[in-house]
Amino acid sequence: MELTWELVAFLGFAVMTLGSGLMVVTSSNLFHSVLFLMTSLFGVAGLFVLLVAPFLAAIQVLVYIGAIAVLMLFVIMLTRQVMSRPELYNQQMAGALVAAAILFLALLFVLTPLADEIGGDVAQVNAEVIAEADDAPDVDYITVEELGRAFVTRNGFVLPFEVTSILLTAAMIGAIVVAREDEA
Amino acid sequence: MISAELANNLLAVAPEILLTLVALVVILADLYLPAENKRITGYIAGLGLFGIAIATLILVPANQSLVLDNTLDTVEEQLLWGGMIRSDDLARIFRVMVIFTGGLTCLMGMGDRRLNYKAEFYAIIVIATIGASLLSAAADLVMIFIALETVSISLYILSGFIRLPVTPGQEAEQFAMRSAESGLKYFLFGSFTSAFFLYGLTLIYGFSGGHTNIYEIGQAFGAAGTEGFENVVTDTIPLLFALLMVTVGFGFKISAVPFHFWTPDVYEGAPTPVTSYISTVSKAASFAVLVRFMLAVFSPEELLDVATSSYSEWWVQLFAILSVVTMTLGNLLALVQRNIKRLIAYSSIAQAGYTLMGVAAIATTQAGDGAASVAFYMFMYVFTNTLLFAVVILFTNATNSETIADMAGLSRRSPWLALAMTLALLSLAGIPPAAGFVGKFLLFRAAVDSGLTWLAMIGVLNAIVALYYYLVVVKVMYVDRSEDDDVPINIPNPYPLVIGTSAAAVVLLGTFLITPLNSWAEAAGLDLFRLIS
């Protein structure tokens, strides 16, 4: 197999995703687990970039890492006595293994033929899709750039966008006040 | 040098910018003030909001700005920030109302010792007020939803604000548990109805052919089928469904029957200043957006340039029916209440019912007195309820009780408090010289003028029923005797200011200020009838 930079990047992101994923479930410190989850999700974002889906990658970073993982960190910090897990394994390990194996086989036998059918070269397919879209100019399609501009122009959505940030500030302050114990 | 257009845009959201600054100052001040001076943050928030309310009254341009020259004449000029908000008199009257009442609530919060005088309380009240203020002006589906959520989410937090006390005590723990329960109930009901509301909004967005501005949507619905509006959905069932979904969202916020189930429990459990805020600011801002939304999206035929179809008849009927059910059920259930906060909860449901009468009257009369009566009624109602709750807080602080029977002898323990409470109750009952009389008169007149005489009759009958339970409280305060008759009730700072201001407002709005406020409200009502062409 020829060693291209794409392959190297893919391998890097794959190791990052799977390795951190493994650390998420094996780490005994819950806080570390969440940090590894963030790395794993970042690897997935990298895979999206390789699949020529930059918007999906950006959303992955913003929503999963920026919002959901940070939310988990807040919840862990605000809750008492969940920082460490005394038991890493529970009684359902056999069931989990079977489920994982079935899922893996399903992926192998359903998705691999599908990928072969498409032709395997995703970048090529994407290029064709984009070329087709260019041929049909009356199809409205919004680029990431336009989306970004709409958020910050005066005649766009800047007002609700800014108010949302105020709303989130209030929600965060409120969550901390409601969850934290009063000091004596 | 900034352009005139930018200046107009900035001035239109000046109240919100200033409110954000106040919220930030409160949070920062809390960090740096020594523990014994933290109460100052309450004064910063309260007095800051008073200042902003006055600045809004004078500065923010509309048709009759008191200071500035650059009045915005056409609807297109009033639609700012890409049509997100409309800076008109309706927005201004409701903004002044909610910001001023927000300030009163902050000062009220300083006297409720169960809140522990936390600065976060004032900061979140100020942020909720930002939402309420934007809601009064919102003219776009996106803006309406975000402003509504800013109010709602802040209030979910505030309802559950009372923490378990550091030093154990049975009564204090009970209050904390009830507060947590009310916060959770409010959140569950609220997020559920928000989902309905959002679903309704997306349907309207889709049916209109992809507009988010409510005035453009109204135009599209009116002109459906003509050139440029071919893909607008006009089928009855889907549109009616969307209207009902949206009504669920609004109905929850104004606690109209049958979306009122949360009201008594949340009112009873939440910290009393928060209850006051829910019953005044949140309700007033929701009425503002309700009248604006309905009139713009489902406009009456006469207001549209091109009218192939009109749907205003639907919501007029819908709100007339909601009004009857809401006021009747609210008043009947209020008759049997023992707890003063639950009594006010049912009374506030009934008051929402009266106000819905004005909403139903809007579309059929073009004089603008339907919307004007809603604005006037809400203006006097927010002060009346604030006055009522301020007295309830002092009473609860002194007796650790919220039962009506325990108010016995209040007139001997504190004559001024009893007088203030009586004034508020008379205003709610609609007896002159309190402002409630004028408010009810305007609502009934608007209903009769728009051919809804039967609705006005039911309203009058309801007002008579309501008189009974309001007067029972007055009787308990003045006639009944209690063991503590000679123990005076302490009125700490800044309560003289809160009670004095709102009592003065209730009396003045019922006497000398009727004409100025009514003409302002009528200007606001007329503004509402001008749509884009």
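Order-wise, the sequence lines are chains B and F. Under this note's numbering, the first sequence is numbered contiguously, ending at residue 184. Under this note's numbering, the second sequence is numbered contiguously, ending at residue 1533. Every residue, glycine too, gets a C-beta built ideally from N, C-alpha and C. Just so you know, these numbers come straight off a predicted model, no measurement behind them.
Worksheet entry | Rounded C-alpha distance that separates VAL1291(F) from ALA1398(F) | The straight-line gap from Cα to Cα measures roughly 41 angstroms.
Worksheet item: Counting contacts by CB-CB distance shorter than 9 angstroms, is PRO113(B) in contact with chain F?
Response: Output row for PRO113(B): interface = no.
Worksheet item: In the DSSP assignment, what residue or residues form a beta bridge with ASP1140(F)?
Response: For ASP1140(F), the pairing in a beta bridge is given by DSSP as ASN1213(F).
Worksheet entry | Residues within the stretch 148 to 167 of chain B neighbouring chain F, beta-carbon criterion of under 8 angstroms | Listed by position, the residues of the stretch 148 to 167 of chain B near chain F (Cβ gap below 8 angstroms) are THR153, ARG154, ASN155, GLY156, PHE157, VAL158, LEU159, PRO160, VAL163, THR164, ILE166, LEU167.
Worksheet item: Are the Cβ atoms of VAL1474(F) and LEU1426(F) separated by less than 9 angstroms?
Response: Cβ atoms of VAL1474(F) and LEU1426(F): closer than 9 angstroms.
Discussion item. Quick check: the Cα distance between VAL178(B) and GLY1251(F), rounded to an integer number of angstroms?
Written reply: Between the alpha carbons of VAL178(B) and GLY1251(F) lies a gap of roughly 28 angstroms.
Discussion item. Across the stretch 1145 to 1160 of chain F and the stretch 1021 to 1040 of chain F, are there enough close Cβ pairs to call them in contact, namely three or more that are closer than 8 angstroms?
Written reply: Short answer: they don't touch.
Item to complete: Indicate whether the contact test is met: 3 or more Cβ pairs, each with one atom in the stretch 1345 to 1355 of chain F and one in the stretch 1248 to 1265 of chain F, closer than 8 angstroms.
Response: With a cut-off of 8 angstroms, the stretch 1248 to 1265 of chain F and the stretch 1345 to 1355 of chain F count as touching, because enough Cβ pairs lie within range.
Fill in: Whole-angstrom distance between ILE1217(F) and LEU1243(F), CA atom to CA atom
Taking the straight line from one Cα to the other gives about 13 angstroms.
Fill in: LEU1540(F) - DSSP class collapsed to helix/strand/coil
In this structure chain F extends from 1001 to 1533, so residue 1540(F) is not present and cannot be described.
Worksheet item: Using DSSP with H/G/I as helix, E/B as strand and the rest coil, what is ILE1431(F)?
Response: Coil at ILE1431(F), not helix or strand.
Worksheet item: Among LEU18(B), VAL75(B), LEU147(B), SER40(B), which has the Cα closest to the Cα of VAL30(B)?
Response: As written in the sequence, residue 30(B) is Leu, which differs from the Val given in the question. Closest in C-alpha terms to LEU30(B), from the list LEU18(B), VAL75(B), LEU147(B), SER40(B), comes VAL75(B).
Fill in: Contact the stretch 1043 to 1061 of chain F vs the stretch 1506 to 1516 of chain F: 3+ CB pairs below 8 angstroms
Touching, no, given that fewer than three Cβ pairs across the two stretches are closer than 8 angstroms.
Fill in: Contact set between VAL177(B) and chain F, taken where Cβ atoms lie within less than 9 angstroms
Here the neighbours are LYS1118, GLU1120, PHE1121, ILE1124, ILE1157, PHE1161, ARG1163.
Worksheet item: Is there a Cβ from chain F that is less than 9 angstroms from the Cβ of THR143(B)?
Response: No, no contact with chain F.
Item to complete: Could you tell me the distance, in whole angstroms, from the CA atom of SER1401(F) to the CA atom of PHE1389(F)?
Response: In a straight line, the C-alpha of SER1401(F) is about 14 angstroms away from that of PHE1389(F).
Worksheet item: Is it the case that the Cβ atoms of ILE1085(F) and LEU159(B) are separated by a distance below 9 angstroms?
Response: In contact: ILE1085(F) and LEU159(B) (Cβ atoms closer than 9 angstroms).
Item to complete: Confirm, please, whether the CB-CB distance from MET1110(F) to GLY1046(F) is below 9 angstroms.
Response: Yes, the Cβ-Cβ distance between GLY1046(F) and MET1110(F) is below 9 angstroms.
Item to complete: Please list the partners that ALA171(B) has in chain F, where partner means a Cβ-to-Cβ separation under 7 angstroms.
Response: Under a criterion of Cβ atoms nearer than 7 angstroms, the residues of chain F adjacent to ALA171(B) are, in order, ILE1153.
Fill in: Cβ of TRP1416(F) within 9 angstroms of any chain B Cβ
Cβ-Cβ to chain B under 9 angstroms: no for TRP1416(F).
Worksheet item: By the 10 Å Cβ neighbour count, where 16 or more other Cβ atoms means buried, how is VAL8(B) classified, buried or exposed?
Response: By the neighbour-count rule (16 or more Cβ atoms within 10 Å), VAL8(B) is not buried but exposed.
Practice prompt. Select from ILE1458(F), THR1501(F), TYR1267(F), GLN1351(F) the residue whose C-alpha is nearest the C-alpha of ALA1420(F).
Written response: Closest option to ALA1420(F), Cα to Cα, is THR1501(F).
Worksheet item: Nearest chain B C-beta to ALA1128(F) closer than 9 angstroms, yes or no?
Response: By this cut-off, ALA1128(F) is an interface position.
Item to complete: Figure out for me which residue from TYR1199(F), LEU1115(F), THR1355(F), LEU1417(F) has the closest Cα to the Cα of VAL1142(F).
Response: Comparing alpha carbon positions, the residue from TYR1199(F), LEU1115(F), THR1355(F), LEU1417(F) closest to VAL1142(F) is TYR1199(F).
Discussion item. Report the start-end ranges of each alpha helix (DSSP H) in the stretch 1198 to 1285 of chain F that is 4 residues or longer and not cut off at the edges.
Written reply: Fully contained in the stretch 1198 to 1285 of chain F are the following alpha helix (DSSP H) runs of length 4 or more, in chain order: 1214 to 1222, 1236 to 1253, 1262 to 1269, 1272 to 1277.
Practice prompt. Compare the Cα-Cα distances from PHE1442(F) to each of PHE1379(F), ARG1413(F), THR1384(F) and report the closest residue.
Written response: Phe is not the amino acid found at residue 1442(F); the sequence shown has Leu there. Nearest in C-alpha terms to LEU1442(F), of all of PHE1379(F), ARG1413(F), THR1384(F), is PHE1379(F).
Discussion item. Restricting to Cα atoms, I'd like to know which of VAL1438(F), ILE1125(F), TRP1416(F) is closest to LEU1019(F).
Written reply: Closest option to LEU1019(F), Cα to Cα, is ILE1125(F).
Fill in: Same chain only: Cβ atoms within 8 angstroms of MET1457(F), ignoring 5 sequence neighbours per side
Within the same chain, no residue comes within 8 angstroms of MET1457(F) by CB-CB distance, once the 5 residues on both sides are set aside.
Fill in: Contact with chain B by ILE1085(F), beta-carbon distance below 9 angstroms
Closer than 9 angstroms: yes.
Practice prompt. Leaving aside the five residues before and after LEU1333(F) along the sequence, list all residues of the same chain whose C-beta is less than 7 angstroms from its C-beta, in chain order.
Written response: Result list for LEU1333(F): TYR1346, in chain order.
Worksheet item: Quick one: is ALA1023(F) near chain B, going by C-beta distance under 9 angstroms?
Response: Using a CB distance cut-off of 9 angstroms, ALA1023(F) counts as an interface residue toward chain B.
Worksheet item: Hey, would you say GLU1301(F) sits closer than 9 angstroms to GLY1222(F), going by beta carbons?
Response: Against a cut-off of 9 angstroms, the Cβ pair of GLY1222(F) and GLU1301(F) comes out as a contact.
Worksheet item: Name the chain B residues whose beta carbon is nearer than 9 angstroms to that of VAL1479(F)?
Response: In chain order: nothing, as chain B lies at least about 42 angstroms away.
Item to complete: Please report the residue range of the alpha helix (DSSP H) in which GLN1351(F) lies.
Response: The continuous alpha helix (DSSP H) containing GLN1351(F) extends over residues 1340 to 1362.
Worksheet item: Below 8 angstroms, can you find three or more Cβ-Cβ pairs linking the stretch 1350 to 1362 of chain F to the stretch 1433 to 1450 of chain F?
Response: Three or more Cβ pairs drawn from the stretch 1350 to 1362 of chain F and the stretch 1433 to 1450 of chain F lie within less than 8 angstroms of each other, which places the two stretches in contact.
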